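**Student:** Structure incoming, see below.
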Amino acid sequence: MRPRPPWRGARRPRTRSAASAFLDTGGVRYRAGAMILPIPSGTRDVLPDEMGELRTLTERLRAVFSEAGYGEIYTPALEYEVVITRGALGGARPAYRVFDENGEVLVLRSDMTVPIARLVGSRYQSSAPPLRFAYFAHCYRGVRPQRGQPREFLQAGVELIGAPAPVGTAEAVTVLCRALDHAGLARYRVGLGDAALYPDLMEALEVPGEMREHLLRELAHGDFVGLEAAVGELSIDERSRDLLLSVPQLRGGPDVLHGPPGPVADAVAGLRAVHALLAPDVAERVIFDLGLSRAPGYYTGAVFEVYDPAVGMPIGGGGRYDHLLGQFGRDLPAVGFALEVEKLHQALAAEERLSEA
Amino acid sequence: MSIPTGLTIAVPRGALFEDTLAWLERLGVSTGEVRTNDRKLLFEEVGLITMRPSDVPTYVAAGAADIGVTGKDVLMEQGNSTSGGTGREVYELRDLGFGRCTMVVASVAGPDRAAEALRRLGVIRVATKYPRVAAAHFERTGRQVEIIEVKGSVELAPLTGLVEAIVDLTATGTTLRENNLVIRETLAVCTARLIANPVAHKLKAAAIDDLLERSRAA
Numbered sequence: 162m163r164p165r166p167p168w169r170g171a172r173r174p175r176t177r178s179a180a181s182a183f184l185d186t187g188g189v190r191y192r193a194g195a196m197i198l199p200i201p202s203g204t205r206d207v208l209p210d211e212m213g214e215l216r217t218l219t220e221r222l223r224a225v226f227s228e229a230g231y232g233e234i235y236t237p238a239l240e241y242e243v244v245i246t247r248g249a250l251g252g253a254r255p256a257y258r259v260f261d262e263n264g265e266v267l268v269l270r271s272d273m274t275v276p277i278a279r280l281v282g283s284r285y286q287s288s289a290p291p292l293r294f295a296y297f298a299h300c301y302r303g304v305r306p307q308r309g310q311p312r313e314f315l316q317a318g319v320e321l322i323g324a325p326a327p328v329g330t331a332e333a334v335t336v337l338c339r340a341l342d343h344a345g346l347a348r349y350r351v352g353l354g355d356a357a358l359y360p361d362l363m364e365a366l367e368v369p370g371e372m373r374e375h376l377l378r379e380l381a382h383g384d385f386v387g388l389e390a391a392v393g394e395l396s397i398d399e400r401s402r403d404l405l406l407s408v409p410q411l412r413g414g415p416d417v418l419h420g421p422p423g424p425v426a427d428a429v430a431g432l433r434a435v436h437a438l439l440a441p442d443v444a445e446r447v448i449f450d451l452g453l454s455r456a457p458g459y460y461t462g463a464v465f466e467v468y469d470p471a472v473g474m475p476i477g478g479g480g481r482y483d484h485l486l487g488q489f490g491r492d493l494p495a496v497g498f499a500l501e502v503e504k505l506h507q508a509l510a511a512e513e514r515l516s517e518a
Numbered sequence: 008m009s010i011p012t013g014l015t016i017a018v019p020r021g022a023l024f025e026d027t028l029a030w031l032e033r034l035g036v037s038t039g040e041v042r043t044n045d046r047k048l049l050f051e052e053v054g055l056i057t058m059r060p061s062d063v064p065t066y067v068a069a070g071a072a073d074i075g076v077t078g079k080d081v082l083m084e085q086g087n088s089t090s091g092g093t094g095r096e097v098y099e100l101r102d103l104g105f106g107r108c109t110m111v112v113a114s115v116a117g118p119d120r121a122a123e124a125l126r127r128l129g130v131i132r133v134a135t136k137y138p139r140v141a142a143a144h145f146e147r148t149g150r151q152v153e154i155i156e157v158k159g160s161v162e163l164a165p166l167t168g169l170v171e172a173i174v175d176l177t178a179t180g181t182t183l184r185e186n187n188l189v190i191r192e193t194l195a196v197c198t199a200r201l202i203a204n205p206v207a208h209k210l211k212a213a214a215i216d217d218l219l220e221r222s223r224a225a
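From first to last, the protein sequence lines stand for chains X and E.
Under the numbering used here, residue 518 is the last one in the first sequence; the count climbs by one each step, no gaps.
Under the numbering used here, residue 225 is the last one in the second sequence; the count climbs by one each step, no gaps.
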């Protein structure tokens, strides 16, 4: 039996705060002439009904993280830009910058992975790995106007530092699935790929260096038409062309790991090794996806994304970043993931609607 | 007899409508009701929804439709493949080949007023329905422009002296010719594209691959 969404069956608290005197939840009434002071687009106020549900949800995630041995930490929302962009491995670029009173540039963090890498380099210089950290923190990104994208969003995630592939990867995927199960999400799937797979393939097929970035960008954008056009211009044989186009389209059950030939053997063997370590109920959630690539450039190996049919974009994701920690003074392999709590909440609400229908 | 695709497909009304329906027919999707009923928007039994072409990426990106057909011009303008950030709100799976148009810079026949404006005033005024595409093109080619977005017939703008040039989509060039406009530059060739929601592309991989396979065979 699948767990019930955390707030189902429980009586919603009836709160009568000052705010609810203005905003009646059963049919929103606006008081004529009331002063409405705006907040930036992409940000929002959270009122008690939603906050209660979000709190229940994060408590459930926290219980799983804690049970798995991940200690919760918090880092400042503001960091020095020179520190956070160190290594220039192309994480999500911070969108908001301010000068402090000394003229230093401060940025609002765009994810938690880089701040945790900094934290490990500075505060855990001699601790024996593996280190396990969990976090619940708001992150900030620039938005494109009128797309309903948030500037500020809550991430819940873990970082497992000093545990190499495949064992560390399998642990992260397992914690991810346990957390989603415990949250009550029923229909999710985890896409699992490898960030090194396509670069390996291009290397093996001797794609000229200057073209590789272009092909990777087309792939990251999901522009298969552009990819086909770019591959068509390469002076390589027909079979190589075919591989460059067909391999990233391979996605599905573990059988996709048995098809692909030589050039991607290493990456695929890595995925097979992860698969072998997963418990059956976790493994059946996984979609192997040889075309999966994720935006931050710091990923070096396995990458994963969480999908739910109710939400049109991934509700979370993560991967291995074996070279990032070295930029911050502690050269350890690492893996982690982040769930976007508000999107997870949307997915749960959609399932709830579905089961009531 | 319709072969179910198991997908919700966004179909563009307008210039791509007929070709899209013909393509769907070749895949075995029955489109009779869509053709005969032009008020209805949602055809659940065959998994089709109809909308204006520029809305197709919006529905597909949000997952309200799994896949859809729209023009490359729409994708270029909405910045799917050129945007920064994660930049992959929809996947572009296949060039369907039909609905072929060219994105051009045009101005009134005779001496090019756009070139003159650039030489004497340092800036060209350009009317377009594609402000992002137009701005990117002139920026790339190092010319300063003032983009004026219009919603209706773009051809009117240079004839009335509102602007010196336009950026617009043309299929045959007839409308341009009839309005005494000539093509000065070609930006891109645009055809209909099959796009997919990134999550549907993973969760409904078999259905989408099957459709691509049928499309290749058709």
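Glycine included, C-beta positions come from ideal geometry on N, C-alpha and C.
No experiment lies behind these values; they were computed from the predicted model shown.
(1) Check the Cβ of Y468 of chain X against every Cβ in chain E and list those closer than 7 angstroms, keeping chain order.
(2) Flag A195 of chain E as yes if its beta-carbon sits less than 8 angstroms from any beta-carbon of chain X, otherwise no.
(3) Tell me, please, which residues DSSP counts as bridged to M273 of chain X.
(4) Against chain E, does R350 of chain X count as a neighbour if the rule is that its beta carbon must be under 8 angstroms from one of theirs?
(5) Hey, is D384 of chain X's beta-carbon within less than 8 angstroms of any beta-carbon in chain E?
(6) For A142 of chain E versus I155 of chain E, is the C-beta spacing smaller than 8 angstroms?
(7) Locate the alpha helix (DSSP H) running through F145 of chain E, then write down its first and last residues.
(8) According to DSSP, V464 of chain X sits in a beta bridge with which residue or residues?
(9) By the three-class DSSP mapping on this structure, what secondary structure does R200 of chain E have?
(10) Rounded to the nearest angstrom, what separates V67 of chain E and S287 of chain X at their Cα positions?
(11) Can you tell me which of X:A471, X:A298 and X:D384 puts its alpha carbon nearest to the alpha carbon of E501 of chain X?
(12) Buried or exposed, going by whether 16 or more other CB atoms sit within 10 Å of the CB of V243 of chain X?
(13) Quick one: complete beta strand (DSSP E) runs, 3+ long, within the segment 46-120 of chain E?
(14) Any C-beta of chain E sitting closer than 8 angstroms to the C-beta of G413 of chain X?
(15) Kindly give me the distance between the Cβ atoms of A495 of chain X and D483 of chain X, rounded to whole angstroms, as I take these residues to be in contact under 8 angstroms.
(16) What span of residues does the beta strand (DSSP E) with D450 of chain X cover, start to end?
(17) Excluding five sequence neighbours on each side, which residues of the same chain lie with their C-beta closer than 7 angstroms to the C-beta of L438 of chain X?
(18) With 8 angstroms as the threshold, decide whether the Cβ of G70 of chain E is near any Cβ in chain X.
(19) Looking at V97 of chain E and A203 of chain E, is the spacing between their C-beta atoms short of 8 angstroms?
(20) Within 10 Å of its beta-carbon, does I476 of chain X have 16 or more other beta-carbons around it, so buried, or fewer, so exposed?
(21) In its own chain, which residues sit with a C-beta less than 7 angstroms from the C-beta of G129 of chain E, not counting the 5 before and 5 after it?
(22) Tell me whether V152 of chain E sits in a helix, a strand or coil according to DSSP, three-state version.
(23) Determine whether the beta carbon atoms of G452 of chain X and P409 of chain X lie at a separation below 8 angstroms.
(24) Give a yes or no on whether 8 angstroms exceeds the smallest Cβ distance from V472 of chain X to chain E.
(25) Let me check one thing: in DSSP terms, what residues is C338 of chain X bridge-paired to?
(26) With a cut-off of 8 angstroms, does the C-beta of P409 of chain X fall near any C-beta of chain E?
(27) Throw me the rounded Cβ distance for the A134 of chain E and V161 of chain E pair, which I believe falls under 8 angstroms.
**Tutor:** In brief:
(1) Your numbering for residue 468 of chain X matches position 307 in the first sequence. Under the 7 angstroms cutoff, chain E gives V206, K209 and L210.
(2) Translated into positions along the second sequence, residue 195 of chain E becomes position 188. It does not: the Cβ of A195 of chain E has no partner Cβ on chain X nearer than 8 angstroms.
(3) Counted from its first residue, the first sequence places residue 273 of chain X at position 112. M273 of chain X is not bridged to any residue.
(4) By 1-based counting over the first sequence, the position of residue 350 of chain X is 189. Closer than 8 angstroms to some Cβ of chain E, the Cβ of R350 of chain X qualifies, so yes.
(5) Locating residue 384 of chain X in the first sequence gives position 223, counting from the first residue. Under the 8 angstroms criterion on CB atoms, D384 of chain X is classed as interfacial with respect to chain E.
(6) Counting from one through the second sequence, the residue named residue 142 of chain E turns up at place 135. Counting from one through the second sequence, the residue named residue 155 of chain E turns up at place 148. Their beta carbons are not under 8 angstroms apart, which means A142 of chain E does not touch I155 of chain E by this criterion.
(7) If you number the second sequence from 1, residue 145 of chain E lands on position 138. Boundaries of the alpha helix (DSSP H) around F145 of chain E: P138 to R147.
(8) As a first step, residue 464 of chain X is located in the first sequence; it is residue number 303 there, counting from the start. Per DSSP, X:G354 and X:G480.
(9) For this step, residue 200 of chain E is matched to residue 193 along the second sequence. Judged by DSSP in its simplified three-state form, R200 of chain E adopts strand.
(10) Here residue 67 of chain E is taken as the residue at index 60 of the second sequence, counted from 1. Here residue 287 of chain X is taken as the residue at index 126 of the first sequence, counted from 1. Answer to the nearest angstrom: the Cα atoms are 49 angstroms apart.
(11) In the first sequence, residue 501 of chain X corresponds to position 340, counting from 1. Ranking the options by Cα distance to E501 of chain X, first place goes to X:A298.
(12) Indexing the first sequence from 1 puts residue 243 of chain X at position 82. By the neighbour-count criterion, in which 16 or more other beta carbons inside 10 Å mark a residue as buried, V243 of chain X falls on the exposed side.
(13) Within the segment 46-120 of chain E, the complete beta strand (DSSP E) segments of 3 residues or longer fall at 55-58, 74-78, 98-102 and 108-115, listed in chain order.
(14) Residue 413 of chain X sits at position 252 when you count from the first residue of the first sequence. At least one CB of chain E lies nearer than 8 angstroms to the CB of G413 of chain X.
(15) Looking up residue 495 of chain X in the first sequence gives position 334. Looking up residue 483 of chain X in the first sequence gives position 322. Correct: roughly 7 angstroms between the Cβ atoms.
(16) Translated into positions along the first sequence, residue 450 of chain X becomes position 289. If you look at D450 of chain X, you'll find it in the beta strand (DSSP E) that goes V447 to D450.
(17) Within the first sequence, numbered from 1, the residue matching residue 438 of chain X stands at position 277. Answer for L438 of chain X: P327, V328 and A331, listed in chain order.
(18) Reading the second sequence from its first residue, position 63 is the one you call residue 70 of chain E. At least one chain X Cβ lies under 8 angstroms of G70 of chain E.
(19) For the purposes of this step, residue 203 of chain E is identified with residue 196 of the second sequence, where counting begins at 1. For the purposes of this step, residue 97 of chain E is identified with residue 90 of the second sequence, where counting begins at 1. Yes, these two residues count as a Cβ contact at 8 angstroms.
(20) Here residue 476 of chain X corresponds to residue number 315 of the first sequence, with the count starting at 1. Buried is the call here.
(21) In the second sequence, counting from the first residue as 1, residue 129 of chain E sits at position 122. Setting aside the 5 residues that flank it on each side, G129 of chain E is surrounded in the same chain by Q151, each with a C-beta closer than 7 angstroms to its C-beta; the list follows chain order.
(22) Mapped onto the second sequence, residue 152 of chain E falls at position 145. Strand, per DSSP.
(23) Along the first sequence, one-based indexing puts residue 452 of chain X at 291. Along the first sequence, one-based indexing puts residue 409 of chain X at 248. In contact: G452 of chain X and P409 of chain X (Cβ atoms closer than 8 angstroms).
(24) Counting from one through the first sequence, the residue named residue 472 of chain X turns up at place 311. Interface residue, yes.
(25) Locating residue 338 of chain X in the first sequence gives position 177, where the first residue counts as 1. Answer is none; C338 of chain X lacks a bridge partner.
(26) For the purposes of this step, residue 409 of chain X is identified with residue 248 of the first sequence, where counting begins at 1. Not one beta carbon of chain E lies nearer than 8 angstroms to the beta carbon of P409 of chain X.
(27) Residue 134 of chain E sits at position 127 when you count from the first residue of the second sequence. Residue 161 of chain E sits at position 154 when you count from the first residue of the second sequence. Rounded to whole angstroms, the Cβ separation of A134 of chain E and V161 of chain E is 5 angstroms, and the two are in contact under 8 angstroms.
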